[in-house]
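J.:
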Amino acid sequence: MASKPYARPLSPHLGIWRWGPHMLVSIVHRATGVANSVGLGLLVWWLAAIAGGEKSYASFVDVFTVSSGGLNVIGYVVGIGLTLTVFQHMASGIRHLVLDIGAGYELRKGKMTAMATMVFSPLATIAFWAWLLVGKH
(Lines of atoms letter the chains of each structure in order from A; the text may use other names.)
(Lines give C-alpha, C1' and ligand atoms only; values in the text may rest on other atoms or scores of the structure.)
Protein backbone atom coordinates (compact mmCIF):
# COMPACT_ATOMS: atom_id res chain seq x y z
CA MET A 1 0.00 0.00 0.00
CA ALA A 2 2.02 2.89 -1.24
CA SER A 3 0.60 6.26 -0.48
CA LYS A 4 0.38 8.74 -3.27
CA PRO A 5 2.89 11.60 -2.85
CA TYR A 6 1.26 14.96 -2.64
CA ALA A 7 2.65 18.26 -3.85
CA ARG A 8 4.00 20.23 -0.94
CA PRO A 9 3.52 23.97 -0.99
CA LEU A 10 6.52 26.03 -2.01
CA SER A 11 7.90 28.69 0.23
CA PRO A 12 6.41 32.03 -0.82
CA HIS A 13 9.81 33.66 -1.19
CA LEU A 14 10.53 31.59 -4.31
CA GLY A 15 7.97 33.50 -6.29
CA ILE A 16 8.38 37.01 -4.92
CA TRP A 17 12.06 37.62 -4.15
CA ARG A 18 14.37 39.11 -6.73
CA TRP A 19 18.11 38.69 -6.93
CA GLY A 20 19.93 41.49 -5.12
CA PRO A 21 23.43 42.52 -4.09
CA HIS A 22 22.84 41.31 -0.53
CA MET A 23 22.28 37.78 -1.86
CA LEU A 24 25.45 37.97 -3.96
CA VAL A 25 27.52 39.17 -0.99
CA SER A 26 26.18 36.35 1.17
CA ILE A 27 27.15 33.72 -1.39
CA VAL A 28 30.51 35.36 -2.12
CA HIS A 29 31.23 35.45 1.63
CA ARG A 30 30.89 31.68 1.78
CA ALA A 31 32.99 31.20 -1.37
CA THR A 32 35.76 33.46 -0.08
CA GLY A 33 35.78 31.52 3.17
CA VAL A 34 36.47 28.35 1.19
CA ALA A 35 39.13 30.13 -0.89
CA ASN A 36 40.80 31.39 2.27
CA SER A 37 40.98 27.83 3.58
CA VAL A 38 42.91 26.97 0.41
CA GLY A 39 45.19 29.89 1.27
CA LEU A 40 45.61 28.41 4.73
CA GLY A 41 46.71 25.18 3.06
CA LEU A 42 49.34 27.15 1.13
CA LEU A 43 50.49 28.75 4.38
CA VAL A 44 50.90 25.32 5.95
CA TRP A 45 52.81 24.15 2.85
CA TRP A 46 55.09 27.20 3.13
CA LEU A 47 55.74 26.57 6.84
CA ALA A 48 56.42 22.88 6.17
CA ALA A 49 58.80 23.87 3.37
CA ILE A 50 60.69 26.17 5.74
CA ALA A 51 60.85 23.44 8.37
CA GLY A 52 61.92 20.88 5.74
CA GLY A 53 65.14 22.64 4.95
CA GLU A 54 66.76 24.47 2.07
CA LYS A 55 65.80 21.99 -0.67
CA SER A 56 62.20 21.84 0.45
CA TYR A 57 61.90 25.62 0.60
CA ALA A 58 63.54 25.99 -2.82
CA SER A 59 60.94 23.62 -4.28
CA PHE A 60 58.13 25.71 -2.81
CA VAL A 61 59.61 28.97 -4.07
CA ASP A 62 60.12 27.50 -7.56
CA VAL A 63 56.37 27.02 -7.94
CA PHE A 64 55.60 30.72 -7.44
CA THR A 65 58.67 32.60 -8.70
CA VAL A 66 60.96 32.95 -11.69
CA SER A 67 64.73 32.53 -11.47
CA SER A 68 65.27 36.26 -10.87
CA GLY A 69 63.17 36.03 -7.70
CA GLY A 70 60.06 37.83 -8.96
CA LEU A 71 56.65 36.23 -9.01
CA ASN A 72 55.64 34.14 -12.00
CA VAL A 73 52.11 33.92 -13.40
CA ILE A 74 51.05 31.36 -10.79
CA GLY A 75 52.49 33.53 -8.03
CA TYR A 76 50.59 36.60 -9.20
CA VAL A 77 47.31 34.75 -9.76
CA VAL A 78 47.44 33.03 -6.38
CA GLY A 79 48.71 36.12 -4.56
CA ILE A 80 46.26 38.59 -6.06
CA GLY A 81 43.41 36.08 -5.88
CA LEU A 82 43.98 35.35 -2.20
CA THR A 83 44.39 39.05 -1.43
CA LEU A 84 41.04 39.73 -3.09
CA THR A 85 39.34 36.94 -1.16
CA VAL A 86 40.78 38.14 2.15
CA PHE A 87 39.59 41.73 1.59
CA GLN A 88 36.15 40.58 0.37
CA HIS A 89 35.70 38.16 3.26
CA MET A 90 36.83 40.80 5.74
CA ALA A 91 34.50 43.47 4.33
CA SER A 92 31.47 41.19 4.24
CA GLY A 93 32.37 39.87 7.70
CA ILE A 94 32.31 43.42 9.05
CA ARG A 95 28.99 43.94 7.26
CA HIS A 96 27.61 40.81 8.93
CA LEU A 97 28.88 42.03 12.30
CA VAL A 98 26.97 45.29 11.83
CA LEU A 99 23.87 43.30 10.86
CA ASP A 100 24.31 41.12 13.96
CA ILE A 101 23.98 44.14 16.21
CA GLY A 102 20.69 44.95 14.49
CA ALA A 103 21.76 47.84 12.28
CA GLY A 104 21.56 48.14 8.51
CA TYR A 105 18.50 46.00 7.84
CA GLU A 106 16.71 48.72 5.91
CA LEU A 107 16.56 47.79 2.21
CA ARG A 108 18.46 50.83 1.03
CA LYS A 109 21.23 50.46 3.64
CA GLY A 110 21.46 46.72 3.06
CA LYS A 111 21.95 47.17 -0.67
CA MET A 112 24.38 50.02 -0.14
CA THR A 113 26.58 48.08 2.30
CA ALA A 114 26.51 45.01 0.06
CA MET A 115 27.63 47.08 -2.91
CA ALA A 116 30.28 48.77 -0.75
CA THR A 117 31.89 45.41 0.05
CA MET A 118 32.00 44.55 -3.65
CA VAL A 119 33.63 47.89 -4.47
CA PHE A 120 36.00 47.92 -1.49
CA SER A 121 37.64 44.54 -2.06
CA PRO A 122 38.99 45.13 -5.59
CA LEU A 123 40.06 48.67 -4.72
CA ALA A 124 41.86 47.49 -1.58
CA THR A 125 43.49 44.67 -3.56
CA ILE A 126 44.71 47.09 -6.24
CA ALA A 127 46.03 49.49 -3.60
CA PHE A 128 47.78 46.70 -1.68
CA TRP A 129 49.49 45.27 -4.76
CA ALA A 130 50.43 48.73 -6.02
CA TRP A 131 52.02 49.40 -2.64
CA LEU A 132 53.86 46.05 -2.78
CA LEU A 133 55.14 46.56 -6.31
CA VAL A 134 56.07 50.23 -5.90
CA GLY A 135 57.78 49.46 -2.60
CA LYS A 136 60.12 47.05 -4.41
CA HIS A 137 61.70 49.77 -6.57
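FYI, my numbering numbers position 107 of the sequence shown as 107, with every residue one higher than the one before it.
Even for Gly, the Cβ is constructed at its ideal location relative to N, Cα and C.
Since this is a predicted model, take the numbers as computed values, not measurements.
1. Measuring CA to CA, which of V73, V25 and G104 is closest to A114?
2. Could you check where the alpha helix (DSSP H) with N72 kicks off and where it finishes?
3. Have a look at V28 and V44 and give me their C-alpha separation to the nearest angstrom.
4. How many whole angstroms separate the CB atoms of T125 and T83, which I take to be in contact at a CB cut-off of 8 Å?
5. Take the Cβ of S92 as the centre, count every other Cβ of all protein chains shown within 10 Å, and call the residue buried at 16 or more, exposed below.
6. Are the stretch 74–82 and the stretch 31–47 touching by the rule of at least three beta carbon pairs closer than 8 Å?
7. Alpha carbon to alpha carbon, how far is D62 from H89?
8. Would G135 pass as a contact of H22 if the rule is Cβ separation under 7 Å?
9. Hey, out of W17, R18, S121 and G20, whose CA is closest to F87's CA?
10. Quick check: the Cα distance between L123 and G75, rounded to an integer number of angstroms?
11. Taking C-alpha atoms, which residue in F128, W129 and L107 lies nearest to W17?
T.: In terms of the structure at hand:
1. Translated into positions along the sequence shown, residue 114 becomes position 114. Among V73, V25 and G104, the Cα nearest to that of A114 belongs to V25.
2. The residue labelled residue 72 in the question sits at position 72 within the sequence shown. Counting along the chain, N72 falls outside any alpha helix (DSSP H), and DSSP gives it neither H nor E.
3. For the purposes of this step, residue 28 is taken as the residue at position 28 of the sequence shown. For the purposes of this step, residue 44 is taken as the residue at position 44 of the sequence shown. Approximately 24 Å, taken between the alpha carbons.
4. In the sequence shown, residue 125 corresponds to position 125, counting from 1. In the sequence shown, residue 83 corresponds to position 83, counting from 1. About 5 Å; that satisfies the 8 Å criterion.
5. Here the question's residue 92 lines up with position 92 in the sequence shown. Buried, since its Cβ has 16 or more Cβ neighbours within 10 Å.
6. yes
7. The count along the sequence shown starts at 1 and reaches residue 62 at position 62. The count along the sequence shown starts at 1 and reaches residue 89 at position 89. Roughly 29 Å separates the two Cα atoms.
8. Start at 1 with the first residue of the sequence shown, and residue 135 comes out as number 135. Start at 1 with the first residue of the sequence shown, and residue 22 comes out as number 22. Not closer than 7 Å, so no.
9. Residue numbering aside, residue 87 sits at position 87 when the sequence shown is read from its first letter. The shortest C-alpha separation from F87 is found at S121.
10. Within the sequence shown, numbered from 1, the residue matching residue 123 stands at position 123. Within the sequence shown, numbered from 1, the residue matching residue 75 stands at position 75. Each residue's alpha carbon lies about 20 Å from the other.
11. Residue numbering aside, residue 17 sits at position 17 when the sequence shown is read from its first letter. Considering only alpha carbons, the answer is L107.
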